[in-house]
Every structure is written in C-alpha cells, then in structure tokens.
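Notes follow once the structure below has been shown.
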Ligand code: AHM
Ligand code: MG
C-alpha cells in the first residue's frame, strides 16, 4: 500500500485560509497575509525551541555568546520575532503581547486593520526540561484604522475574528479557527509547511480527563472543590476521571480538544482572578473550544462575554467538553 502510506493531497495552512477567504467576496487577502506572518513567527519559534536543549553548546539562550553579548532568553526572543513579523505584514494596527506592559501602536505607514493579542511563548518555565510550550494568538478588527485606541483591543472575546495556538511539542502543531470550526495543521519540517492533519476538530461531548493544578486545592472555592472531589469519588458508581496536568496551557488545552474532558484554572483565595490572562490566554482558547463544540466558563459567565478593563487582566477559566462544563456551571449556579 505504498500509494496510501504516502500522502499526496497536501493542504497547507496558507492554502486553507485562502480557500476560506474566497467564501467572503469582500475579502482582499489582508487576512491571509497577516496569517502568513503569524505562521512565519511560529516556524521561527519552533526552530528556536527545538534548539533550546543545545543552548549551552551553541550559546543560544541566557548565556553570553562569542561576541561577549548576553544571549536573549527564548521568551524575549520569541516576542521580538512576533512583533517584527506582525508589523512587517503591514496588516496590523495594535499589538498586545504578554511580554510587553503596554500595547504597541503600529506607525501609520505600516498600519493595517487587524489587532493581534498574543502570548509568544506560553509555559516558558517548562522549556529547560523539554516539556511542550506554545504560542497563543487572537485577532480583532480595528474600528477605524486612522484613530486606533485601546478600546479596539479591550473587546469581549466573542468579537474575535480568529484565534489559534501553535504547540511546540513532539511535533509542531498549529490549531486555528477563523470562526468556522477548528482545524489542526502539523509542520512538515522537510517542507517547512504546516499541513492539514486534523480537519474539523470537535471536542468530545463528554470527557474522562480533568486537568488542574491540585496544589492550589486548599485555597479553592466551594464549587471547584466539589467538582474535583466528584472527579475522584463519583457517587453514582461511574468510574473516576483520569488526572492529566502538564502545566503548559497550550498542551493541556490541545489534549482537551482532542481527547475531551475539562481544563480548569480556577480562582483561589490567593489569586481571586486565577492566573491566566484574559486577552491572550483565556479568550483565544475559549474561542477555539467553542468553535469545536465545547464550552468555556469563568465561574460566573460565558468566558467570551467578558469585557477586559486592562490589557493584562486575569480570569478564572473552566473549558472543555460540553457536558463537563455544564456540570461545573451547575455547581456554581447552586452556590449563588
Ligand atoms: P506563563 O504565561 O507565565 O508561562 O504562565 C502560564 C502558564 C500556563 O501555560 C499554564 O496553564 C499555567 O501557567 C500553569 O500554572 P501553574 O504552574 O500555577 O499550575
Ligand atoms: Mg502565558
């Protein structure tokens, strides 16, 4: 079956997005060009992350190089690469990065209609031991490109035009939604192209996995504590759930999308808003999960209905399989 084992119907991410855009007669190709630059950033970071283990050998990170200058940490480097790639696309207006305190307003001559919110290298504390890390991004449209304001990015997540992440794991995987379902692409290193490998991802309606940092349990509120207790000691005789927690949001959400289950980063007494940032962590992931048929909830409301007040606001988040999120919603409703 040599013919079957060798795939010849290669659909690249660029081609996929171009095809999607032809469904919108008003589209002028701007979005495809923007996405091309995001993909370029992902490829660069992927190459850098793959070499991270060689850092000491080739002086890539944190060390001083032959010229005696301090090498950049991977998260700083990734941020610079994305900012430059996004600006040079000529299609962006405002950039919000986890790495930058303030938003970047692109100078008028290079300005376009899109605002990009992103975490260039999420989970970077995991890098030194080779655990998967990722880039997360969301895309909004500016109201008026001649007078961009922070209001253009302080929008509820439901106004996102597109969102995605790239996971730098055992392979490099890009998961993307432009508001019309979710598709997964895997980087073929020999081609340097992301190939469609996971068309139309749907999160299973119910899952058997829960994913949470249980080290925070002593500070949890009642509904979260109750839920996790139920995962372990079910009262109706059903099997307990399996615990999986990587501590790298992209990897934990990726597994949740493919296998189903629930990912929680709840509020606790020490951090009443949880840990994860609304604009570039909670929103893009919630958008993807909803587009895949799941739900995302903050403990109070649908996550995508949140309206952030500040660029780096945080929110508790519960996301994953539809039925599992229904259950946690029930527990929070009962506690009110
Ligand atoms: P970071 O943006 O500083 O890398 O932190 C975000 C990461 C997420 O990837 C992950 O879900 C979470 O922090 C894990 O936090 P904790 O170590 O508290 O469980
Ligand atoms: Mg992060």
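Numbering (UniProt numbering), first residue to last: 3 to 338.
Just so you know, even glycine gets a beta-carbon here, dropped at the ideal spot from N, CA and C.
Everything numeric in this text was worked out from a predicted model, so none of it was measured.
- With a beta-carbon spacing of about 7 Å, residue 136 and residue 250 fall inside the 8 Å limit used to define contacts.
- For residue 212, the uninterrupted beta strand (DSSP E) segment begins and ends at 211-213.
- Between residue 202 and residue 186, the CB-CB gap reaches or exceeds 7 Å.
- Assigned with DSSP and collapsed to three states, residue 321 falls in strand.
- CA-to-CA, the gap between residue 48 and residue 239 works out to about 45 Å.
- Selection 299, 306, 282, 114 evaluated against residue 30 yields 114 as nearest (Cα-Cα).
- Taking C-beta atoms as the reference points, residue 228 and residue 333 count as a pair closer than 7 Å.
- In terms of side-chain proximity, the C-beta atom of residue 77 is found no nearer than 6 Å to any non-hydrogen atom of the ligand MG.
- Looking at 244, 257, 40, the one whose alpha-carbon comes closest to that of residue 116 is 40.
- Taken through DSSP and simplified to helix, strand or coil, residue 268 comes out as coil.
- Inclusion of residue 291 and residue 298 in the CB contact set at 7 Å is warranted, their separation being smaller than that value.
- Under the 8 Å Cβ criterion, the region 16-29 does not count as touching the region 86-100, having fewer than three qualifying pairs.
- Boundaries cannot be given for residue 242, as no beta strand (DSSP E) includes it and DSSP labels it neither H nor E.
- Within 10 angstroms of the beta-carbon of residue 131 lie fewer than 16 other beta-carbons, which makes it exposed.
- Under the DSSP assignment, residue 97 falls outside any alpha helix (DSSP H), being part of the beta strand (DSSP E) whose first and last residues are 94-99.
- Shown here for residue 302: same chain residues with a beta carbon closer than 8 Å to its own, the five before and five after excluded, namely 334 in chain order.
- For residue 165, the three-state secondary structure derived from DSSP is strand.
- Applying a distance threshold of 6 Å between residue Cβ atoms and the heavy atoms of the ligand MG selects 100, 121, 124, 283, given in chain order.
- Within the chosen limit of 6 Å, the ligand AHM reaches the beta carbon of residue 249 through at least one heavy atom.
- Placement of the Cβ of residue 21 at a distance of 6 Å or more from every heavy atom of the ligand AHM is found.
- In the DSSP assignment, residue 219 falls outside any alpha helix (DSSP H) and carries neither an H nor an E.
- CA-CA distance, residue 38 to residue 164, rounds to 14 Å.
- Taking the Cβ atoms as the reference, residue 222 lies roughly 5 Å from residue 270, within the contact range of under 8 Å.
- Approximately 7 Å separates the beta-carbon atoms of residue 258 and residue 213; this is inside 8 Å, confirming the contact.
- The three-state reading of DSSP puts residue 198 in strand, counting E and B together.
- Residue 81 sits buried, since 16 or more C-beta atoms from the chains shown fall within 10 Å of its C-beta.
- Looking at the DSSP output, residue 185 bridges to 178.
- Between residue 133 and residue 281, the CB-CB gap reaches or exceeds 7 Å.
- Per DSSP, residue 46 has no beta bridge partner at all.
- Shown here for residue 206: same chain residues with a beta carbon closer than 6 Å to its own, the five before and five after excluded, namely 262, 323 in chain order.
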